[in-house]
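Visitor: Here it is, the structure in full.
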């Protein structure tokens, strides 16, 4: 059996294997670099949110920790516009961001604005050392999170 | 069931009211917890969890201080008793089943498994944190965000395990209903079970003061957890 004959016989099988492999790769959606970065940003945001919640529940809130976390939340509200580059949606890899982020840009920008408008109030309350204002503005920021997640994030997370 | 068995049998109360009430409240609240978690109603989910914590605390206490059929020492048996029970399992005796009031040796393991998984589920929930750091269990401020997230993941997985044991439990009850012609469900509702005449078991019921002590203990545990 010569080399060209082997190649000719092997070609269909190679094609099938290659197609199957490509299919498996596509099915096993790994996050892209942009998706991973976004995930890390939101992870840090969640961490900061928990810190604010913990302190605002405490009988003796630690304001330095509260201010640091409120600053992180405020920074996120400024930077969030850069976290959703085109091509980082569910069509390219593993993400809970829905395609609506990119197909409804006006609505998405409005949802992001709610966060951008409320986060500075939380930071101001933390910096002023006013725990009651922290609690109420934390609630407002939390609502802005939920508002956006309801439309632009895939439901069902844990388990 | 033959006519004779129905006429000569005696009905004996084997489950006290606290055991039955705790059982059906646990059924309802596990369902409610599942639903509130999926509907995102975390305030109600927490309340449901606190109620389950109180019920679980009471049931464990009742397993040591309650009526004779509720006590672990009376129904948790060794491998020999389980083996003997399994050999007798295919026998269809209906109302003539030997008079063993309460949990059978294999069902005892199921009770222990269900209570342990429920305990783990509640414990994990106390420390769980959601992905946004907004919703969390009452003790989550004592752990980091990542630890809280890990608890939330295990909280989800442990629930599936709990569900599997609930399915097994229900399957066993249905096996008794269909194959052995014994209705264990109505027994858990009204507390009584038929026994052959002359084979009525002795069941000792716990006093009201013990019941009140258990309720107080359960309330104290829930209060402590929500206050911590």
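Protein chains in written order, with this note's numbering: chain A, -8 to 150; chain B, 459 to 686.
C-beta: ideal position from N, C-alpha, C; glycine also.
Along chain A, in chain order, which residues have C-beta atoms closer than 7 Å to that of residue 590(B)?
Guide: Looking up residue 590(B) in the second chain gives position 132. Those within 7 Å of residue 590(B) in chain A are 37, 40, 136.
Visitor: So, with DSSP's three-state summary, where would you put residue 439(B)?
Guide: The shown model of chain B, from 459 to 686, leaves out residue 439(B), and the question about it has no answer.
Visitor: Any C-beta of chain A sitting closer than 8 Å to the C-beta of residue 594(B)?
Guide: Translated into positions along the second chain, residue 594(B) becomes position 136. With 8 Å as the cut-off, residue 594(B) counts as an interface residue toward chain A.
Visitor: Only counting the same chain, and skipping five residues up and downstream in sequence, which positions put a Cβ closer than 8 Å to that of residue 102(A)?
Guide: Walking along the first chain from the start, residue 102(A) turns up at place 111. Excluding sequence neighbours, residue 102(A) sits near 135, 138, 139, 142, 143.
Visitor: Roughly how many angstroms separate the alpha carbons of residue 519(B) and residue 614(B), rounded to a whole number?
Guide: Here residue 519(B) refers to the residue found at position 61 of the second chain. Here residue 614(B) refers to the residue found at position 156 of the second chain. Cα to Cα, the separation comes out at about 27 Å.
Visitor: Excluding the 5 residues preceding and the 5 following residue 16(A) in the sequence, name in chain order all residues of the same chain whose CB lies nearer than 8 Å to its CB.
Guide: Here the question's residue 16(A) lines up with position 25 in the first chain. A caution first: residue 16(A) carries a pLDDT of 49, below 50, which makes its placement in the model too unreliable to give a value.
Visitor: Determine the burial state of residue 46(A): buried for a count of at least 16 other Cβ atoms within 10 Å of its Cβ, exposed for fewer.
Guide: As a first step, residue 46(A) is located in the first chain; it is residue number 55 there, counting from the start. So residue 46(A) ends up on the buried side.
Visitor: For residue 8(A) and residue 591(B), I'd like the C-alpha separation in whole angstroms.
Guide: Taking the first chain and counting its residues from 1, the one referred to as residue 8(A) is at position 17. Taking the second chain and counting its residues from 1, the one referred to as residue 591(B) is at position 133. Roughly 44 Å separates the two Cα atoms.
Visitor: Kindly give me the distance between the Cβ atoms of residue 471(B) and residue 672(B), rounded to whole angstroms, as I take these residues to be in contact under 8 Å.
Guide: Sequence index remark: in the second chain, residue 471(B) carries index 13 (1-based). Sequence index remark: in the second chain, residue 672(B) carries index 214 (1-based). About 19 Å; that fails the 8 Å criterion.
Visitor: Relative to the alpha-carbon of residue 684(B), which residue among 639(B), 643(B), 595(B) has its alpha-carbon at the smallest distance?
Guide: Position 226 of the second chain, counted from the first residue, corresponds to residue 684(B). For residue 684(B), the nearest C-alpha among the options comes from 595(B).
Visitor: Distance cutoff 8 Å, beta carbons only. Does residue 44(A) sit that close to anything in chain B?
Guide: Taking the first residue of the first chain as 1, we reach residue 44(A) at position 53. Yes, residue 44(A) counts as interfacial toward chain B.
Visitor: Quick one: using the 10 Å Cβ neighbour count with 16 as the cut-off for buried, is residue 633(B) buried or exposed?
Guide: Working through the second chain from its first residue, we reach residue 633(B) at position 175. Exposed: under 16 other Cβ atoms inside 10 Å.
Visitor: Scan the segment 47 to 61 of chain A for residues whose Cβ lies nearer than 9 Å to a Cβ of chain E and list them as they occur along the chain.
Guide: Any reference to chain E falls outside this structure, whose protein chains are A and B.
Visitor: CB-CB under 8 Å to residue 550(B), same chain, minus the five flanking residues each way: which ones, in chain order?
Guide: On the second chain, residue 550(B) is found 92 positions in, with the first residue counted as 1. Counting only Cβ-Cβ distances below 8 Å, and skipping sequence neighbours, we find 637, 638, 639.
Visitor: Is it true that the segment 114 to 125 of chain A meets the segment 72 to 84 of chain A, where meeting means three or more beta-carbon pairs spaced less than 8 Å apart?
Guide: Verdict: no, contact absent.
Visitor: Using a threshold of 8 Å, state whether the C-beta atoms of residue 107(A) and residue 68(A) are closer than that.
Guide: Reading the first chain from its first residue, position 116 is the one you call residue 107(A). Reading the first chain from its first residue, position 77 is the one you call residue 68(A). Closer than 8 Å, so yes.
Visitor: Quick check on this structure: which residue in 643(B), 476(B), 467(B) has the alpha carbon closest to the alpha carbon of residue 666(B)?
Guide: The sequence position of residue 666(B) within the second chain is 208, counting from 1. Cα-wise, what sits closest to residue 666(B) is 476(B).
Visitor: Under 8 Å: do the segment 527 to 535 of chain B and the segment 564 to 584 of chain B share three or more Cβ pairs, one atom per stretch?
Guide: Enough Cβ pairs lie closer than 8 Å, so yes.
Visitor: For residue 467(B) and residue 657(B), what's the separation of their Cα atoms in angstroms?
Guide: As a working note, residue 467(B) is residue 9 in the second chain. As a working note, residue 657(B) is residue 199 in the second chain. Roughly 9 Å separates the two Cα atoms.
Visitor: Reducing DSSP to helix, strand and coil, say where residue 639(B) ends up.
Guide: Your numbering for residue 639(B) matches position 181 in the second chain. Coil at residue 639(B), not helix or strand.
Visitor: Where do the ends of the beta strand (DSSP E) carrying residue 469(B) lie?
Guide: Start at 1 with the first residue of the second chain, and residue 469(B) comes out as number 11. 468 to 471 is the extent of the beta strand (DSSP E) around residue 469(B).
Visitor: Threshold first: 3 residues or longer. Then list the beta strand (DSSP E) segments lying entirely within the segment 617 to 676 of chain B, N to C.
Guide: With a minimum length of 3 residues, the continuous beta strand (DSSP E) runs that stay inside the segment 617 to 676 of chain B are 650 to 653.
Visitor: For a cutoff of 8 Å on Cβ pairs, would you count residue 150(A) as touching chain B?
Guide: Translated into positions along the first chain, residue 150(A) becomes position 159. Interpretation of residue 150(A) is limited by its pLDDT of 38, a score under 50 that renders its predicted location unreliable; no figure is taken from the coordinates.
Visitor: Name the residues in the segment 602 to 615 of chain B whose C-beta lies less than 9 Å from a C-beta of chain A; which are they?
Guide: Going along the segment 602 to 615 of chain B in chain order, one finds 602, 603, 604, 606, 607, 610, 611, 613, 614, 615 with a Cβ nearer than 9 Å to chain A.
Visitor: For residue 587(B), which beta-bridge partners are listed by DSSP?
Guide: Taking the second chain and counting its residues from 1, one reaches residue 587(B) at position 129. Per DSSP, 594(B).
Visitor: Rounded to whole angstroms, what's the CA-CA distance from residue 616(B) to residue 669(B)? Just pull it up for me.
Guide: In the second chain, counting from the first residue as 1, residue 616(B) sits at position 158. In the second chain, counting from the first residue as 1, residue 669(B) sits at position 211. So the alpha carbons of these two residues sit roughly 30 Å apart.
Visitor: Given a cut-off of 8 Å, decide if residue 651(B) and residue 469(B) are closer than it, judged by their beta-carbon atoms.
Guide: Locating residue 469(B) in the second chain gives position 11, where the first residue counts as 1. Locating residue 651(B) in the second chain gives position 193, where the first residue counts as 1. Cβ distance < 8 Å, so residue 469(B) and residue 651(B) count as in contact.
Visitor: Return the bridge partner residues of residue 73(A) from the DSSP annotation.
Guide: Taking the first residue of the first chain as 1, we reach residue 73(A) at position 82. Partner(s): none; residue 73(A) has no beta bridge.
Visitor: Using the Cβ count rule (16 or more neighbours within 10 Å means buried), how would you classify residue 522(B)?
Guide: Translated into the one-based positions of the second chain, residue 522(B) becomes position 64. With fewer than 16 Cβ atoms within 10 Å of its Cβ, residue 522(B) is classed as exposed.
Visitor: Over the uninterrupted alpha helix (DSSP H) stretch that includes residue 101(A), give me the two end residues.
Guide: For the purposes of this step, residue 101(A) is taken as residue 110 along the first chain, with counting starting at 1. Start and end: 96 to 119.
Visitor: With distance defined between alpha-carbon atoms, name the residue in 544(B), 504(B), 473(B) nearest to residue 581(B).
Guide: Mapped onto the second chain, residue 581(B) falls at position 123. Residue 504(B) is the option with its Cα nearest to residue 581(B).
Visitor: Assuming residue 131(A) and residue 83(A) make a contact with CB atoms under 8 Å, what is their CB distance in whole Å?
Guide: One-based indexing of the first chain puts residue 131(A) at position 140. One-based indexing of the first chain puts residue 83(A) at position 92. No, residue 131(A) and residue 83(A) are not in contact; Cβ-Cβ is about 33 Å, not under 8 Å.
Visitor: Name the DSSP bridge partner or partners of residue 44(A)?
Guide: Counted from its first residue, the first chain places residue 44(A) at position 53. Partner(s): none; residue 44(A) has no beta bridge.
Visitor: Quick one: is residue 568(B) near chain A, going by C-beta distance under 8 Å?
Guide: Here the question's residue 568(B) lines up with position 110 in the second chain. For residue 568(B), the answer is no, since every Cβ of chain A falls outside 8 Å of its Cβ.
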